[in-house]
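Visitor:
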Amino acid sequence: MKNYLSFNVILFIVFLLGTMLTIFIIVKDIDNSLSITFVIGYVIFLFLYVLFSILLIFVNLRKLNWIQIRKRLLTFIIYFVSINALHFLLSYFFKRSEMDIWDIAGPLGVSIGLAFSDLMTWKRK
Numbered sequence: 002m003k004n005y006l007s008f009n010v011i012l013f014i015v016f017l018l019g020t021m022l023t024i025f026i027i028v029k030d031i032d033n034s035l036s037i038t039f040v041i042g043y044v045i046f047l048f049l050y051v052l053f054s055i056l057l058i059f060v061n062l063r064k065l066n067w068i069q070i071r072k073r074l075l076t077f078i079i080y081f082v083s084i085n086a087l088h089f090l091l092s093y094f095f096k097r098s099e100m101d102i103w104d105i106a107g108p109l110g111v112s113i114g115l116a117f118s119d120l121m122t123w124k125r126k
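Heads up: take any position in the sequence shown, counting from 1, add 1, and you land on my numbering.
(1) Under the three-state reduction of DSSP, which class applies to asparagine 33: helix, strand or coil?
(2) Alpha carbon to alpha carbon, what distance is there between isoleucine 24 and serine 7?
(3) Take threonine 122 and list the residues in its own chain whose beta-carbon comes closer than 6 Å to its own, dropping the five residues that flank it on each side.
(4) On the CB-based measure, 16 or more other CB atoms within 10 Å of its CB, does tyrosine 93 come out buried or exposed?
(5) DSSP three-state label for asparagine 9, please.
(6) Our contact map puts alanine 116 next to threonine 76 with C-beta atoms below 8 Å; I'd like the distance itself, whole angstroms only.
(7) If you draw a straight line from the alpha carbon of valine 60 to that of isoleucine 41, how long is it in whole angstroms?
(8) How do the segment 44 to 54 and the segment 70 to 89 stand: do at least 3 beta-carbon pairs fall below 8 Å, yes or no?
(9) Need the endpoints of the alpha helix (DSSP H) that tyrosine 80 sits in, please.
(10) Is it right to say phenylalanine 112 is buried, meaning 16 or more other beta carbons lie within 10 angstroms of its own, or is it exposed?
Structure follows, in C-alpha cells:
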C-alpha cells in the first residue's frame, strides 16, 4: 500500500511543478517549440490526472456504505449549489450580465474536491 501512496505523492508533486513552470512560461511569454510542447504535455497530464482522481473516487466510493455515500452526495450538492449561486451573483454584479454554461465548471470542480477529497488516495478499508 505504501507504493500507491508514493505514486499519489509523485503525481501531485509533478502537478505542482508543472503548474509553476507553466505559469512561468505564460507570464514571461516564452515562445519557442519546447515551451509549447511542454504546455501541451502539461494539459494532457492534467486531463489524465483528473481522470485518475475520478477513478480513485469511484473505486473508494464502492467501499463505503449507503449512508456514507448519501452524506457525501448531500455535502456535494450543498457545496455545489452555494458556490454556484455565489459565483453567479458575483459574476452578475461585478463582471457581466450574461451567464455561460461553462461558468459551472469552477464550482463543480471545487465542490467535488471538497466533498470527495479524502477518497482521491489509495487506502485500505
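A virtual CB, placed ideally from N, CA and C, is assigned to each residue, including glycine.
None of the values given here were measured: they were computed from a predicted structure.
Guide: Well, looking at it:
(1) coil
(2) 26 Å
(3) Asn9
(4) exposed
(5) helix
(6) 5 Å
(7) 29 Å
(8) no
(9) 67 to 91
(10) A small correction: the amino acid at residue 112 is serine; phenylalanine does not occupy that position in the sequence shown. Buried, since its Cβ has 16 or more Cβ neighbours within 10 Å.
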